[in-house]
Amino acid sequence: MATSRDMLTLKPQAETLGYRMLRRAQSLVLWLELIRNLAVRDVEVRYKHSLLGLYWAILNPLVTAGIFGFVFGVIFHASSGSIPYVVFLLTGLTFWNLFANGLMSATGCVTGNASMLAKIYFPRVVLPTAAVFARFIDFMFSALVLLVFILLYHVQVYWSALWIIPLLGIQVVFTLGIAYLFAALNVLYRDMTQLVGLVLMVWMYMSPVMYAASSQTSTLQGLLLMNPMGGILQAERDLLFAGQLTEPSFLWSAAAWAVLALVGGLAVFKRVEPLFAEVM
Amino acid sequence: MAAHVVAEHVSKRFQLRRDRSDSVGHLLLQMLPRRSRPKPEPFWALQDVSFEIKQGRSLGIIGNNGSGKSTLLKLLTRTMQPTEGRIEMSGRMSALIELGAGFHPDFTGRENIVLNASILGIRRRDIERSMDEIIDFAEIRPFIDVPVKYYSSGMNARLGFSVAVHVQPQLLIVDEVLAVGDEAFQQKCMDRIFAMKRSGTSIILVSHDLGSIERLMDDGLWIDGGVVRGRGVPRDVVYSYRSFLGETTARDGAAPNAKETSQVSFAVDAVAIRGLNRHEQSIAPGDPASIHVRLTNATSQTVRGYVGISIRRPDGLEVAEISGLRDQQLVAMTPGTTHVEVLTSELRLASGQYEVDVTIFDDQGRRLANARSAGAFRVQGQERTSGVILVPHEWRRS
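Here the protein sequences line up with chains Z and U, keeping their order. Residue numbers for the first sequence follow our numbering, so the first one is 49 and each next one is one higher. Residue numbers for the second sequence follow our numbering, so the first one is -10 and each next one is one higher.
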């Protein structure tokens, strides 16, 4: 094999900065492709081998919206301003589920893929990343359902809704950061999945998913929006239905949280990564 | 040529911590003050292991269960980090470590090929091109679109092997997984491994099949209790390992400390064994046959010497020796290439696979070059006979 020899003999002189950068870029492309393959396959497998197929991605938020809509809208008479409560709730749930499901899938993904870890080394961070992106694909389907509901109820939507795209970026970055943290810790402590379930439940009720933060007292409102997911959810809903940001300052704090979570999560993940093969 | 894999003073320590909590609940419990805590017990799975593999060479690793072989492989594939020392390697690595390693049980065979390839560093479009070849080699075409979790262990190993060898690695690491395949597939794998070796791939093979380590590898490494106990010519390493196991096979001919002479002036280029009865590759028991040896003399003068040919069974058993020294067949090796042919009217070997070693001696009987497994051939009869030789016979009532 002439090529392999060439590569070997080339190696010493080619260790320049440019060459190293090229190598890094090449491997990054490779890992991105691996993430994409894993995420797409994850979604496919999830729905191909289940009875209702892709409908689960749609059915799940629908049923949740239905039951919460009944309890909070009909029984507790929650107010949602000018928008029908079901649409309001479905919006909150759609965006919240991207975070919650991403975190849930990512937490178990390293331990659940033990057989994949045994082969050749690849950056393990690929696994939780792929898990989050798989849930992002789910999110796009449930966003379609949301769109159908918005059209059905003739809810007015503003062009500012396009700003949701960069906002989703912040949300995904934040999700990834938290996902790395829990994925790594789950390798060390296997009941992390239970803990994540519990944390997510509390977190959901503490975030403006089923209610609007703006309808609370200003102290409570500040408290709710300090929570990065609160700030993001509020902003996403505002952009969609109000046409403007009601609380732009909290978005900055959410962005800061997102960066902090990503850096911190990655740091923990990198720290724990060498132990993966040993404790699993 | 540049060293391909270098391991220097590699050690791996595991903490057998009895008190390590593996759940958050346990962790919280531990925070309660307690009088005494069991101390962590260090366990050295590997200690001060060093070796290097040059491009295109092969290393066979042997040792008892629990000796640290698998830990070493995990360090080589970088799924674990050494506690001390360093491991360096260049080029693309491919490995077949344990059954189903790198496979996602829910994905189909085809999806797993792509996935596995991308873990090994191959883009999707590149692997799509060799997809058919991979599927055919693994012989699982009817099942390729079935999730891997329904595969038998044999199918799993075949697919794993097929992917591992089709990504054009520069270093191939193979653990015992091949043992689950049937004999035909094992043979196919071995053939493939050696085809790759010939084209420049370095090989690391871990096996309990001492015969194949001995006959197929360039170097041997024996690990016991995490420590290197033997290193060098596989025959010697296997010999000392066998002696250690207390099952030393009686072989008077092979001195355990026979050193490989590093003379490069003489080389055995090719050995061809042909049956003279038919044109096929295989030879029937009792056929006339010829052994053709091509030698190179890289020096500038003609050297007179002898050629020794030894026929072995793959497990290392020496079946026959044809010694030019004993027969006093002095060969004048002119600078350049020399051809020597040995003819036999009846090759009385039973059906099976055989290998040929060739040694060149000078006229004083000093060894100039030695080529292990320089050639191989298969004797194939109509009926399957056991044993090694064919005994001409007739039956009589007495």
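We put the beta carbon where it would ideally sit given N, CA and C, even for glycine. These numbers were taken from a predicted model, which means no experiment stands behind them.
Would you mind stating whether Val(-1) (chain U) and Ser56 (chain U) have Cβ atoms separated by less than 8 Å?
-> On the second sequence, residue -1 (chain U) is found 10 positions in, with the first residue counted as 1. On the second sequence, residue 56 (chain U) is found 67 positions in, with the first residue counted as 1. It is not a contact, given that the beta carbons lie outside the stated cut-off.
Thinking C-beta only, is Glu(-3) (chain U) closer than 8 Å to Arg46 (chain U)?
-> Numbered from 1 along the second sequence, position 57 holds the residue referred to as residue 46 (chain U). Numbered from 1 along the second sequence, position 8 holds the residue referred to as residue -3 (chain U). Not closer than 8 Å, so no.
Chain U contact residues for Pro322 (chain Z), given Cβ-Cβ distances below 9 Å = Your numbering for residue 322 (chain Z) matches position 274 in the first sequence. Per Cβ cutoff of 9 Å: Met69 and Gln70.
How is Glu81 (chain Z) classed by DSSP in three states: helix, strand or coil?
-> Locating residue 81 (chain Z) in the first sequence gives position 33, where the first residue counts as 1. Three-state result, Glu81 (chain Z): helix.
How many Å lie between Gly270 (chain Z) and Thr294 (chain Z) at the Cα?
-> For the purposes of this step, residue 270 (chain Z) is taken as residue 222 along the first sequence, with counting starting at 1. For the purposes of this step, residue 294 (chain Z) is taken as residue 246 along the first sequence, with counting starting at 1. Answer to the nearest angstrom: the Cα atoms are 12 Å apart.
Since Phe38 (chain Z) meets chain U, which of its residues come closer than 8 Å, beta carbon to beta carbon?
-> Here chain Z has residues from 49 to 328 only, and residue 38 (chain Z) is not among them.
So, are the CB atoms of Val169 (chain U) and Ser196 (chain U) less than 8 Å apart?
-> Along the second sequence, read from residue 1 onward, the residue named residue 169 (chain U) stands at position 180. Along the second sequence, read from residue 1 onward, the residue named residue 196 (chain U) stands at position 207. For Val169 (chain U) and Ser196 (chain U), no; Cβs fall outside 8 Å.
Evaluate contact between the region 135 to 152 of chain U and the region 93 to 100 of chain U, counting only Cβ atoms and requiring at least three cross-stretch pairs below 8 Å.
-> yes
Are the C-beta atoms of Met249 (chain Z) and some chain U residue less than 8 Å apart?
-> Taking the first sequence and counting its residues from 1, the one referred to as residue 249 (chain Z) is at position 201. So, not an interface residue.
State the Cα-Cα distance for the pair Ile349 (chain U) and Pro71 (chain U), rounded to the nearest angstrom.
-> By 1-based counting over the second sequence, the position of residue 349 (chain U) is 360. By 1-based counting over the second sequence, the position of residue 71 (chain U) is 82. Straight-line Cα distance between these residues: approximately 43 Å.
Find the residues of chain Z that neighbour Ser12 (chain U), judging by a C-beta separation of less than 7 Å, and give them in chain order.
-> The residue you call residue 12 (chain U) lines up with position 23 of the second sequence. The answer, in chain order, is Tyr237, Arg238 and Asp239.
Determine which residues of the region 51 to 64 of chain U have a Cβ less than 9 Å from any Cβ of chain Z, and write them out in chain order.
-> Lys63
Indicate whether at least one CB of chain U lies closer than 8 Å to the CB of Leu215 (chain Z).
-> If you number the first sequence from 1, residue 215 (chain Z) lands on position 167. Not one chain U Cβ lies under 8 Å of Leu215 (chain Z).
So which of Z:Ser127, Z:Leu215 and Z:Ala209 has the shortest CA-CA distance to Leu146 (chain Z)?
-> To locate residue 146 (chain Z), count along the first sequence from 1; it is residue 98. Of the candidates Z:Ser127, Z:Leu215 and Z:Ala209, the one whose C-alpha sits nearest the C-alpha of Leu146 (chain Z) is Z:Leu215.
Does Ser127 (chain Z) get closer than 8 Å to chain U when you measure Cβ to Cβ?
-> For the purposes of this step, residue 127 (chain Z) is taken as residue 79 along the first sequence, with counting starting at 1. False, the Cβ-Cβ gap to chain U never drops below 8 Å.
From which residue to which residue does the alpha helix (DSSP H) around Trp300 (chain Z) run?
-> For the purposes of this step, residue 300 (chain Z) is identified with residue 252 of the first sequence, where counting begins at 1. Pro296 to Val320 is the extent of the alpha helix (DSSP H) around Trp300 (chain Z).
Could you say which of Z:Gln282, Z:Leu80 and Z:Asn275 lies nearest to Arg172 (chain Z) if we only look at CA atoms?
-> Against the first sequence, residue 172 (chain Z) aligns to sequence position 124. The option with the nearest alpha carbon to Arg172 (chain Z) is Z:Leu80.
Contact set between the region 87 to 101 of chain U and chain Z, restricted to residues whose Cβ is under 8 Å from the partner | Glu87, Gly89, Ala90, Gly91, Phe92, His93, Pro94, Asp95, Phe96 and Glu100
Measure from the C-beta of Val93 (chain Z) to each C-beta in chain U and report whether the shortest distance is under 8 Å.
-> Here the question's residue 93 (chain Z) lines up with position 45 in the first sequence. With 8 Å as the cut-off, Val93 (chain Z) counts as an interface residue toward chain U.
Neighbour flag for Ala227 (chain Z) against chain U, beta carbons, 8 Å = For the purposes of this step, residue 227 (chain Z) is identified with residue 179 of the first sequence, where counting begins at 1. It does not; no Cβ of chain U falls within 8 Å.
Measure from the alpha carbon of Tyr95 (chain Z) to the alpha carbon of each residue in Z:Leu224, Z:Met164, Z:Ile185 and Z:Ala126, then state which is nearest.
-> Mapped onto the first sequence, residue 95 (chain Z) falls at position 47. Out of Z:Leu224, Z:Met164, Z:Ile185 and Z:Ala126, Z:Ile185 has the C-alpha closest to the C-alpha of Tyr95 (chain Z).
For a contact meaning CB atoms closer than 9 Å, what does Arg112 (chain U) contact in chain Z?
-> Taking the first residue of the second sequence as position 1, residue 112 (chain U) is located at position 123. The answer, in chain order, is Val77, Leu78 and Glu81.
Closer than 9 Å at the beta carbon, the chain U residues around Ala87 (chain Z) = In the first sequence, residue 87 (chain Z) corresponds to position 39, counting from 1. The contacting residues do not exist; Ala87 (chain Z) stays about 12 Å from chain U at best.
Ordered along the chain, which non-local residues of its own chain (more than five positions away) have a Cβ less than 8 Å from that of Glu165 (chain U)?
-> Mapped onto the second sequence, residue 165 (chain U) falls at position 176. Answer for Glu165 (chain U): Val195, Ser196 and His197, listed in chain order.
Return the residues of the region 142 to 171 of chain Z that lie within a Cβ-Cβ distance of less than 9 Å from chain U, sorted by chain order.
-> Asn161, Ser163, Met164, Leu165, Ala166, Lys167, Ile168, Tyr169 and Phe170
Can you tell which of U:Glu41, U:Arg112 and U:Leu88 has the C-alpha that lies nearest to the C-alpha of Val77 (chain Z)?
-> In the first sequence, the residue the question calls residue 77 (chain Z) occupies position 29. Per the Cα distances, U:Arg112.
Where do the N-terminal and C-terminal ends of the alpha helix (DSSP H) with Pro176 (chain Z) fall, by residue?
-> In the first sequence, counting from the first residue as 1, residue 176 (chain Z) sits at position 128. From DSSP, the alpha helix (DSSP H) with Pro176 (chain Z) extends over Val174 to Leu200.
Does DSSP classify Ala(-4) (chain U) as helix, strand or coil?
-> Start at 1 with the first residue of the second sequence, and residue -4 (chain U) comes out as number 7. Looking at Ala(-4) (chain U) - three-state DSSP - the assignment turns out to be strand.
What runs of the alpha helix (DSSP H), each 4 residues or longer, lie entirely inside the region 129 to 179 of chain U?
-> 142 to 155
When you compare each of U:Met78, U:Gly214, U:Pro274 and U:Leu199 to Ser334 (chain U) by their alpha carbons, which one comes out closest?
-> As a working mapping, residue 334 (chain U) is identified with position 345 in the second sequence. Checked all of U:Met78, U:Gly214, U:Pro274 and U:Leu199; the closest Cα to Ser334 (chain U) is U:Pro274.
When Cβ atoms are compared, which residues of the region 295 to 313 of chain Z fall closer than 7 Å to chain U?
-> none
On the three-state DSSP scale, how would you describe Val103 (chain U)?
-> Numbered from 1 along the second sequence, position 114 holds the residue referred to as residue 103 (chain U). Val103 (chain U) falls in the helix class under three-state DSSP.
Would you say Ser119 (chain U) faces chain Z, with C-beta separation under 8 Å as the test?
-> Locating residue 119 (chain U) in the second sequence gives position 130, counting from the first residue. No, no contact with chain Z.
Take every Cβ of the region 135 to 150 of chain Z, pair it with every Cβ of the region 249 to 267 of chain Z, and state whether three or more of those distances are shorter than 8 Å.
-> yes
Tell me, please, whether the CB atom of Glu284 (chain Z) is closer than 8 Å to any CB atom in chain U?
-> The residue you call residue 284 (chain Z) lines up with position 236 of the first sequence. No, Glu284 (chain Z) lies away from the interface with chain U (no Cβ there is under 8 Å from its Cβ).
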